[in-house]
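Protein chains in written order, with my numbering: chain W, 1 to 197; chain E, 1001 to 1166; chain V, 2001 to 2343.
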């Protein structure tokens, strides 16, 4: 038979010091002082859509963006490496020949689409990209009412990002809730920083 | 004038609710009527210039006794309790007792010993200090006897409530 | 027989009653907002923020919501008792304020009429307050029973046992104060403490603080507030006695609880913190006494909220142990000590 060994932990008998602590409600006062300290400290709530917004760090992986070089030419050469690297098959690239100087080479993307409803923002596409054309940006408000809206086309992705690439991030800034016909947007004011503890 | 009006109001409600106590089938409703009745009696005490008695009536009877009473009533099965009125065979006993007690009451009320003497003396409010002094000087012996009686009753109740006595 | 002085007196009492009732009715609106704000800040949140500046209109929004809610009465509930239970809870807590003194006599401007800042100075004031505050338990019991729900019934039973036990404790604390003040009238109790904070009952060493702690713990239990909020214990009873209530009837229960909190705070101030007395005594610099009273009551209300968001809930047997085996023996010993000190 396998006898269970029960270790009996004997409680210390309350000494005079414990009794004294109890009579002056020491633990109680400790607890109250902690909550009072919290009560007087600043709240950590980010009043997100109304007044404040969190701007992520540059390493953040949000919605895709397609970059251009300094002369405004598309960096994408439609090599389709991102399509191959994508674990969820959410990127569609159709190449075409173009020698008008739209891209940096004579091969550009005719179609460059990403389905953000499928994408899980692993960032393999930007690792695979030989020309650093595709980057995961810092936009994170991606909710939409129709599934079609989650497919981002090349034209949309080529627009400049709301937060520039070289902006440091990791801060809370003042923001404004905007109601437009296409939906609700939270427009940050990047230079108005708000301090939080 | 006003006093008479208030007295009649309280008295009518008190008698009405007292009737409700014995005529309502649901024990919880009866308890509620009894609370109303006791509150009316407290109000009549105020009219008799003894606010201390009125407040004690509310404090002890309405605030404590009735709560304990309800505590027991609430855990009863109401549907069962409603059905169990007086057993039918014993009714003749009640019919026999009621006239006797009624005549007795009427005799006391209309008899000579039951007059409202001393009502004039109580026009001023009874001070609590007077009451206390009387209790601890003049009526000290009855007071102590009652205290011991209550203590004995309390001890008895505890012993009866304790199931496993060893 | 009926002269003008009598009529004026009656009218003044009516005005006082109406003013006090209106203030008390509007109090819960402010207190729900304050309570949620205190809760928020203690938990490092902001609390309500969207209705009005800093969410100050939140309580009004809630009230509108409550008014338009469907009034649900459960099937097979006792309809009469279910309907009157919220009123049984509300009426006694309002009645307490008949006896509570907010200030001493003031002379009205432009006339030389003296006005007392209390509705009635009963010579049994403190027993009246204790007796009437004990009646609020009926709202809880009947509300719990009439709902025809086991959670509500258990909540009602718990609260009846709890309130009965702690009423004894609270009465003992009141006995202590009566021994210190030699009077049952709340106005006299306040007057006996006048002349600066070193005359207050809380500083009547060594028994004053003990009486205050006994009173305060009993008050927390009477109010069904954390750490003694077993009648509405969310974890085991959903919401306790008012689990079946909705809409305005639920709001009446809440109203009753908040006004009860104000009444216990006011009572603590009157019994132990000198009522309207200026804490600086002879060095006072002209703050009206009624403001001192309001300020002290507000501090107490904050303390109640502060405790609510600090402590966990006691177990039911612990609650009973604290009441019967700790507080009552301490108060009996304290009655003895106080008696010796007052000889």
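The C-beta atom is built at its ideal place from N, Cα and C for all residues, glycine as well.
Chain-ordered neighbours of residue i on chain V, where CB pairs are closer than 7 Å
| i | result |
| --- | --- |
| residue 44 of chain W | 2044 |
| residue 1109 of chain E | Under the 7 Å cutoff, chain V gives no residues; its nearest Cβ is about 30 Å from residue 1109 of chain E. |
| residue 35 of chain W | 2042, 2306, 2309 and 2310 |
| residue 32 of chain W | 2306 and 2310 |
In DSSP terms, what residue i is bridged to
| i | result |
| --- | --- |
| residue 178 of chain W | W:185 |
| residue 95 of chain W | W:109 |
| residue 2223 of chain V | Partner(s): none; residue 2223 of chain V has no beta bridge. |
| residue 115 of chain W | W:151 |
| residue 103 of chain W | W:74 |
| residue 2325 of chain V | For residue 2325 of chain V, which the question treats as bridged, DSSP gives no partner whatsoever. |
| residue 194 of chain W | W:172 |
Reference residue i, options the options, closest by Cα
| i | options | result |
| --- | --- | --- |
| residue 2166 of chain V | V:2221, V:2187 and V:2096 | V:2221 |
| residue 2276 of chain V | V:2292, V:2331, V:2105 and V:2224 | V:2292 |
| residue 2224 of chain V | V:2198, V:2133, V:2213 and V:2201 | V:2133 |
| residue 2247 of chain V | V:2057, V:2071, V:2015 and V:2027 | V:2071 |
| residue 2186 of chain V | V:2147, V:2226 and V:2130 | V:2130 |
| residue 2212 of chain V | V:2305, V:2175, V:2286 and V:2229 | V:2175 |
| residue 54 of chain W | W:181, W:169 and W:177 | W:169 |
| residue 1061 of chain E | V:2135, V:2108 and V:2100 | V:2135 |
| residue 138 of chain W | W:24, W:28, W:58 and W:48 | W:58 |
| residue 1004 of chain E | E:1044, E:1022 and E:1028 | E:1044 |
| residue 2024 of chain V | V:2254, V:2084, V:2282 and V:2171 | V:2254 |
| residue 2008 of chain V | V:2115, V:2206, V:2237 and V:2273 | V:2115 |
| residue 2125 of chain V | E:1055, E:1016 and E:1027 | E:1055 |
Element boundaries [beta strand (DSSP E), containing residue i]
| i | result |
| --- | --- |
| residue 135 of chain W | 134-136 |
| residue 2114 of chain V | 2114-2116 |
| residue 2198 of chain V | No beta strand (DSSP E) contains residue 2198 of chain V, which DSSP labels as neither H nor E. |
| residue 2054 of chain V | From DSSP, residue 2054 of chain V is part of no beta strand (DSSP E); its letter is neither H nor E. |
| residue 52 of chain W | 52-55 |
| residue 2107 of chain V | 2105-2107 |
Cross-chain neighbours of residue i in chain V, by beta carbon under 8 Å
| i | result |
| --- | --- |
| residue 39 of chain W | 2038, 2041, 2042 and 2306 |
| residue 1035 of chain E | 2138 |
| residue 1161 of chain E | In chain order: nothing, as chain V lies at least about 14 Å away. |
| residue 1150 of chain E | By Cβ distance, chain V contributes nothing, its closest Cβ being about 15 Å from residue 1150 of chain E, past 8 Å. |
Exposure of residue i, with buried meaning 16 or more beta-carbon neighbours within 10 Å
| i | result |
| --- | --- |
| residue 67 of chain W | buried |
| residue 184 of chain W | exposed |
| residue 2258 of chain V | buried |
| residue 1001 of chain E | exposed |
| residue 1042 of chain E | buried |
| residue 1121 of chain E | Reliability of the predicted coordinates at residue 1121 of chain E is poor, the pLDDT of 49 falling under 50, and the value obtained from them is presented with this limitation in mind. The residue is exposed, with fewer than 16 neighbouring Cβ atoms inside 10 Å. |
| residue 91 of chain W | buried |
| residue 2161 of chain V | buried |
| residue 2331 of chain V | buried |
| residue 2180 of chain V | buried |
| residue 2033 of chain V | buried |
| residue 2265 of chain V | buried |
Amino acids of chain E, ordered along the chain, whose beta-carbon sits closer than 8 Å to that of residue i
| i | result |
| --- | --- |
| residue 2157 of chain V | 1071, 1074 and 1075 |
| residue 2161 of chain V | 1071 |
For residue i, the first and last residue of its enclosing alpha helix (DSSP H)
| i | result |
| --- | --- |
| residue 22 of chain W | 16-23 |
| residue 2011 of chain V | 2004-2042 |
| residue 84 of chain W | 81-85 |
| residue 64 of chain W | First-last for residue 64 of chain W: 64-66, but that is the beta strand (DSSP E), not the alpha helix (DSSP H). |
| residue 1104 of chain E | 1091-1110 |
| residue 2262 of chain V | 2247-2272 |
| residue 2171 of chain V | 2150-2181 |
| residue 126 of chain W | 124-128 |
| residue 2186 of chain V | 2186-2191 |
| residue 1029 of chain E | 1027-1047 |
| residue 1152 of chain E | 1140-1161 |
| residue 2081 of chain V | 2079-2095 |
| residue 33 of chain W | 26-40 |
Proximal chain E residues relative to residue i, where beta-carbon distance stays under 9 Å
| i | result |
| --- | --- |
| residue 2122 of chain V | 1051 and 1055 |
| residue 2244 of chain V | Within chain E, no residue comes near residue 2244 of chain V; the closest Cβ sits about 16 Å away, beyond 9 Å. |
| residue 2152 of chain V | Near residue 2152 of chain V there are no residues of chain E at all, since even the closest Cβ is about 11 Å away, more than 9 Å. |
Residue i: contacting residues in chain V (beta-carbon distance under 9 Å)
| i | result |
| --- | --- |
| residue 1005 of chain E | Per Cβ cutoff of 9 Å: no residues; residue 1005 of chain E is ~14 Å from chain V at best. |
| residue 1064 of chain E | 2134, 2164, 2167 and 2168 |
Partner residues on chain E for residue i, Cβ-Cβ distance less than 7 Å
| i | result |
| --- | --- |
| residue 2128 of chain V | 1055 |
Under 9 Å by beta carbon: chain W residues contacting residue i
| i | result |
| --- | --- |
| residue 2049 of chain V | 45, 47 and 50 |
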